[in-house]
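Residues 1 to 188 in UniProt numbering are what the sequence shown spells out, letter by letter. Glycine is no exception: its CB is placed at the ideal position from the N, C-alpha and C atoms. Being a predicted model, the structure only gives us computed values, none of them experimental. Some notes on the structure that comes next.
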Amino acid sequence: MSYDVIIVGAGPTGASAALFTAKAGKKTLVIDNDQSVTKRAWIENHYGVESITGPDLVEIGKKQAAKFGAEFVQGKATQLEKSGNGFRIATENGEYEGSHIILATGLSVELAEAAGIKTKPGTEPRIKSIIDVDSQGNSSVKGVWAAGTTGGVSMHTIITAGDGARVAINVISEINGERYVDHDVLKA
Ligand SMILES: Cc1cc2nc3c(=O)[nH]c(=O)nc-3n(C[C@H](O)[C@H](O)[C@H](O)COP(=O)(O)OP(=O)(O)OC[C@H]3O[C@@H](n4cnc5c(N)ncnc54)[C@H](O)[C@@H]3O)c2cc1C
Numbered sequence: 001m002s003y004d005v006i007i008v009g010a011g012p013t014g015a016s017a018a019l020f021t022a023k024a025g026k027k028t029l030v031i032d033n034d035q036s037v038t039k040r041a042w043i044e045n046h047y048g049v050e051s052i053t054g055p056d057l058v059e060i061g062k063k064q065a066a067k068f069g070a071e072f073v074q075g076k077a078t079q080l081e082k083s084g085n086g087f088r089i090a091t092e093n094g095e096y097e098g099s100h101i102i103l104a105t106g107l108s109v110e111l112a113e114a115a116g117i118k119t120k121p122g123t124e125p126r127i128k129s130i131i132d133v134d135s136q137g138n139s140s141v142k143g144v145w146a147a148g149t150t151g152g153v154s155m156h157t158i159i160t161a162g163d164g165a166r167v168a169i170n171v172i173s174e175i176n177g178e179r180y181v182d183h184d185v186l187k188a
């Protein structure tokens, strides 16, 4: 089975990206090994949310994406390589194929480096390495994108979640061949 989009990482970055790609009708898989640093946070600076625990933010985000059809599998993604017109990702528990990949791996660039994707030193506090991306979120390997902490943005939930959404919209737009927007209208 092949996915339109495979996202590695289900923290605020990855689950937010999955919410957008799944809601846009793209067959979406999220692979995660449950090491989100957000699970240690208490958050009072996420716009629109008075306060929330990190674990709740992560769980609600995953539920939102699942509501629109995103599938989640648990396990560490250990290998990413080209396969046919897309990519194959191997985990401890299985292998998955997808045409577009979004890396939302937080503090870890291990998978990207193993795949030969270009990384560079991080600029944010305590971030050692990030994936080298262009302004759209493209990595050095076409078809592999990166977002959030691992894409080099400021490490705050409102920003990493927003960056996951931003890169997802770029991926959806590339698949559709035109700029994509997702606006629901208030029902009367
Ligand atoms: C103690 C603490 C307090 C914080 N407090 C705040 C706060 O008050 N306000 C605020 O805005 N921000 C706060 N933050 C920062 C916030 O957690 C981050 O900005 C942001 O949520 C990071 O999101 P992310 O999705 O990029 O990374 P993460 O949430 O770390 O998610 C990355 C995910 O990728 C997965 N992953 C990585 N590699 C692989 C792999 N090879 N295979 C499968 N899965 C993989 C991990 O398991 C993880 O689930 C805090 C952080 C910490 C540590």
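At a cut-off of 4 residues, the continuous stretches assigned as alpha helix (DSSP H) that sit fully inside the UniProt domain "FAD/NAD(P)-binding" (3-119) are 12-23, 54-67, 110-114. Checking the DSSP bridge columns, you'll see N138 partnered with W145. Taking the C-beta atoms as reference points, L19 is found nearer than 8 angstroms to F68. Under the three-state reduction of DSSP, S129 is assigned to strand. Remark: the C-beta of E174 is outside contact range of ligand 1, defined as less than 7 angstroms to any heavy atom.
Annotation for P121: K128, S129, I130 place their beta carbon closer than 8 angstroms to its own, counting only its chain and skipping 5 residues before and after. Comparing alpha-carbon positions, the option among E81, Q136, T123, S16 lying closest to M155 turns out to be T123. V167: member of the alpha helix (DSSP H) spanning 157-176, first to last residue.
By the neighbour-count criterion, in which a residue is buried when 16 or more other Cβ atoms sit within 10 angstroms of its Cβ, G148 is buried. Not one heavy atom of ligand 1 lies closer than 7 angstroms to the C-beta of S139.
Sequence-distant partners of E92 (beyond 5 residues in either direction) whose C-beta falls short of 6 angstroms from its own C-beta, in its chain, are G75, K76. A straight-line Cα-Cα distance of about 13 angstroms links L107 and G14. For A104, same chain residues with a beta-carbon under 7 angstroms away, outside a window of 5 residues either side, are I7, V8, G9, G11, T13, G14, A17, A147, G148, T150, G164 in chain order. Excluding residues up to 5 positions away in sequence, P12, S16 lie with their Cβ nearer than 6 angstroms to the Cβ of A161 in the same chain. Judged by their CB atoms, I117 and T21 are not nearer to each other than the 8 angstroms cut-off.
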